[in-house]
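**Q** Chains A and B, in that order, are what the protein sequence lines are. Just so it is clear: in the first sequence, position 12 is 11 by numbering that gives the first Met the number 0, and no numbers are missing. Just so it is clear: in the second sequence, position 98 is 97 by numbering that gives the first Met the number 0, and no numbers are missing.
Protein chains: 2
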Amino acid sequence: MKHSVIRKKFEEHLRSKNLKFTSQRDRIFELAFQTHQHFTADTLHAWLKKQDGAAVSRATVYRTLHLLEDGGFIESLDTGRGELVYEHVLGHAHHDHLVCMSCGKIEEFRSEEIERLQEQAAASRGFVITSHTLRLEGYCRGCARKQDLSAARQVS
Amino acid sequence: MKHSVIRKKFEEHLRSKNLKFTSQRDRIFELAFQTHQHFTADTLHAWLKKQDGAAVSRATVYRTLHLLEDGGFIESLDTGRGELVYEHVLGHAHHDHLVCMSCGKIEEFRSEEIERLQEQAAASRGFVITSHTLRLEGYCRGCARKQDLSAARQVS
DNA sequence: GTACCTGCAAAAGCTTTGCAAGGTC
DNA sequence: GACCTTGCAAAGCTTTTGCAGGTAC
Numbered sequence: 000m001k002h003s004v005i006r007k008k009f010e011e012h013l014r015s016k017n018l019k020f021t022s023q024r025d026r027i028f029e030l031a032f033q034t035h036q037h038f039t040a041d042t043l044h045a046w047l048k049k050q051d052g053a054a055v056s057r058a059t060v061y062r063t064l065h066l067l068e069d070g071g072f073i074e075s076l077d078t079g080r081g082e083l084v085y086e087h088v089l090g091h092a093h094h095d096h097l098v099c100m101s102c103g104k105i106e107e108f109r110s111e112e113i114e115r116l117q118e119q120a121a122a123s124r125g126f127v128i129t130s131h132t133l134r135l136e137g138y139c140r141g142c143a144r145k146q147d148l149s150a151a152r153q154v155s
Numbered sequence: 000m001k002h003s004v005i006r007k008k009f010e011e012h013l014r015s016k017n018l019k020f021t022s023q024r025d026r027i028f029e030l031a032f033q034t035h036q037h038f039t040a041d042t043l044h045a046w047l048k049k050q051d052g053a054a055v056s057r058a059t060v061y062r063t064l065h066l067l068e069d070g071g072f073i074e075s076l077d078t079g080r081g082e083l084v085y086e087h088v089l090g091h092a093h094h095d096h097l098v099c100m101s102c103g104k105i106e107e108f109r110s111e112e113i114e115r116l117q118e119q120a121a122a123s124r125g126f127v128i129t130s131h132t133l134r135l136e137g138y139c140r141g142c143a144r145k146q147d148l149s150a151a152r153q154v155s
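#1: Since Ile73(B) and His94(B) are thought to touch, with beta carbons under 8 Å apart, how far apart are those beta carbons, to the nearest angstrom?
#2: I'd like to know whether the C-beta atoms of Ile113(A) and Val60(A) end up nearer to each other than 8 Å.
#3: Once DSSP output is grouped into helix, strand and coil, what is the label at Val55(A)?
#4: Excluding five sequence neighbours on each side, which residues of the same chain lie with their C-beta closer than 8 Å to the C-beta of Leu83(A)?
#5: Taking Ser110(B) as the query, report the chain A residues whose CB atoms sit under 7 Å from its CB, ordered along the chain.
#6: For Arg152(A), decide whether its Cβ has a neighbour in chain B, counting only Cβ atoms nearer than 8 Å.
#7: CB His12(A) to CB Phe32(A), shorter than 8 Å?
#8: Name the chain A residues that come within less than 7 Å of Gly79(B), Cβ to Cβ?
#9: On the CB-based measure, 16 or more other CB atoms within 10 Å of its CB, does Thr129(A) come out buried or exposed?
#10: On the premise that Arg140(A) lies in contact with Phe20(B), defined as a C-beta separation below 8 Å, what is that separation, rounded to the nearest angstrom?
#11: Do Leu97(B) and Arg62(A) have their C-beta atoms within less than 8 Å of each other?
#12: Check the DSSP bridge columns for Tyr138(A) and list the partner residues they point to.
#13: How many Å lie between His37(B) and Ala53(A) at the Cα?
#14: Determine the extent of the beta strand (DSSP E) in which His44(B) is found, giving its start and end residues.
#15: Show which residues of chain B have a CB atom less than 9 Å away from the CB atom of Glu136(A).
#16: Between Asp69(B) and Ala45(A), what straight-line distance do the alpha-carbon atoms span, to the nearest angstrom?
#17: For a cutoff of 8 Å on Cβ pairs, would you count Glu106(B) as touching chain A?
#18: Since Ile113(B) meets chain A, which of its residues come closer than 8 Å, beta carbon to beta carbon?
#19: Evaluate His131(A) with the Cβ neighbour count: other Cβ atoms within 10 Å of its Cβ, from every protein chain shown; 16 or more gives buried, anything less gives exposed.
#20: Which class does Val60(B) belong to by DSSP, given the choice of helix, strand or coil?
#21: Where does Ser155(A) fall in DSSP's three states?
#22: For Arg80(A) and Met100(A), I'd like the C-alpha separation in whole angstroms.
#23: Around the Cβ of Ala120(A), are there at least 16 other Cβ atoms within 10 angstroms (buried) or fewer (exposed)?
#24: In chain A, which residues lie less than 9 Å from Arg62(B) when you measure between Cβ atoms?
#25: Please classify Leu13(A): does DSSP put it in a helix, a strand, or coil?
#26: Output the boundary residues of the alpha helix (DSSP H) element that contains Ser22(B).
#27: So is Cys139(A) in contact with chain B if we call contact Cβ pairs under 8 Å?
#28: How would you label Cys142(A), buried or exposed, when you count the other beta carbons within 10 angstroms and need 16 or more for buried?
#29: Looking at Gly137(B): is its Cβ nearer than 8 Å to the Cβ of Ile5(B)?
#30: Going by other Cβ atoms of all chains shown within 10 Å of its Cβ, with 16 needed for buried, is Gln117(A) buried or exposed?
#31: Distance cutoff 8 Å, beta carbons only. Does Leu97(A) sit that close to anything in chain B?
#32: Check whether chain A comes within 8 Å of Ala45(B), counting only Cβ atoms and requiring the distance to be less than that.
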């Protein structure tokens, strides 16, 4: 999905809920969709502060992130390292995460087969899935090499 | 694994780290392993308070939960409903979770096939997995029926 | 007797909220 | 002009920490 289309959706979303299109919301939306990284509320707040001087208050950052999450524009992810990070999702296929416990890097992956098995496991219990989180924790290629985790690889 | 064996392991663990076996740690350990439910730090603190009067301070509850988690006796799980819950794991096979977003019920399941595919996905990226979290969110059989989510089932 | 522990209360993080001033439509 | 938003500061929550007295071994 093109950025302009997503942006239009955001404006529509606001209008449909009688919410105003403010400069703060605009800037937060743009940052969230420009970055290719996962970010925390605090990181985003810092980015805004660095942008040509005018900071946006923390309260507004939190409020807008909730707004974007409720609207399905972004999703939050608990990394397991004590951080809650966000990522934009509109225009991106669903994916799962590999979190490096050493350097914090987050890689994304997707397996149709896993998705299918999840659905199957849930269905057999009468469970209706609305969403899911699959997070693999460990060490990325670089960090694993540095720490010589070849032994760990065999065990895991 | 029998309770007495697990308990012995706990005592050994304490000894091996030069930690003392105190009545507070004993009570927290026993509660954590007696319950079949998932519990929060606060819930556990409340249970302790109800037990014949003598409360254990919150600080000690938190400290002991960390101790048990570090020792691999319990694991924490973010439910996605804004709660951090614990469950005892020693003597239990690894499993994943189905969390009902309506009633909060947590069901457990395990799929060898999913485990294998996860390992495969990670390995192909040079990633060494140390642990993982798979959480399916949605509605349990009972809640789905109440809310007539048959439509949602077709969509998901 | 020597660590280690506990409880208390204060502190620390992170997030939310009430309110008055300001902006959007 | 009506209503929604923002920023600020205060409040809320959960979790952590410093310290002095208490306890296991």
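For glycine and all other residues, C-beta sits at the position ideal for the given N, C-alpha and C. Since we're looking at a predicted model, the values are computed, not measured.
**A** On the basis of the supplied data:
#1: Not confirmed; about 14 Å, so no contact.
#2: No, these two residues do not count as a Cβ contact at 8 Å.
#3: Reduced to three states, the DSSP call for Val55(A) is coil.
#4: Short of 8 Å from the beta carbon of Leu83(A), and not among the five residues preceding or following it, lie these beta carbons of its own chain, in chain order: Thr39, Ala40, Ser75, Leu76 and Asp77.
#5: One finds Leu116 and Ala120 in chain A with Cβ atoms closer than 7 Å to the Cβ of Ser110(B), taken in chain order.
#6: With a pLDDT of only 45 at Arg152(A), under the threshold of 50, the placement of this residue in the model should not be trusted; the figure read from the coordinates follows. Arg152(A) has a beta carbon lying within less than 8 Å of a beta carbon in chain B.
#7: Going by beta carbons, His12(A) and Phe32(A) fall outside the 8 Å limit.
#8: Within chain A, the residues near Gly79(B) are Thr132.
#9: Around the CB of Thr129(A), fewer than 16 other CB atoms lie within 10 Å, so the residue is classed as exposed.
#10: Contact doesn't hold; Cβ gap of about 43 Å is too wide.
#11: Leu97(B) places its beta carbon 8 Å or farther from that of Arg62(A).
#12: Looking at the DSSP assignment, Tyr138(A) forms a beta bridge with Val127(B).
#13: Between His37(B) and Ala53(A), the C-alpha separation is close to 45 Å.
#14: No beta strand (DSSP E) holds His44(B); the alpha helix (DSSP H) holding it covers Ala40 to Lys49.
#15: Residues of chain B passing the Cβ test: Ile128, Thr129, Ser130, His131 and Thr132.
#16: Those two C-alpha atoms are separated by around 33 Å.
#17: By this cut-off, Glu106(B) is an interface position.
#18: In chain order: Ile113, Leu116, Gln117 and Ala120.
#19: His131(A) is classed as buried because its beta carbon has at least 16 other beta carbons within 10 Å across all chains shown.
#20: Three-state DSSP puts Val60(B) in a helix.
#21: Residue placement at Ser155(A) is flagged as unreliable, the pLDDT there being 38, under the threshold of 50; the coordinate-derived value follows with that caveat. Secondary structure of Ser155(A) (DSSP, three-state): coil.
#22: Spanning the two alpha carbons is a distance of roughly 7 Å.
#23: With 16 or more other Cβ atoms from the protein chains shown falling within 10 Å of its own Cβ, Ala120(A) counts as buried.
#24: Contact note: Arg62(B) does not reach chain A at a C-beta cutoff of 9 Å; the least C-beta distance is about 17 Å.
#25: Correct three-state label for Leu13(A): helix.
#26: Run containing Ser22(B): Ser22 to Gln33, per the alpha helix (DSSP H) assignment.
#27: Yes, its Cβ sits closer than 8 Å to a Cβ of chain B.
#28: Burial call: buried.
#29: Result no, Cβ atoms of Gly137(B) and Ile5(B) do not sit closer than 8 Å.
#30: The residue in question, Gln117(A), is buried, as its Cβ has 16 or more Cβ neighbours within 10 Å.
#31: Cβ-Cβ to chain B under 8 Å: yes for Leu97(A).
#32: Not one chain A Cβ lies under 8 Å of Ala45(B).
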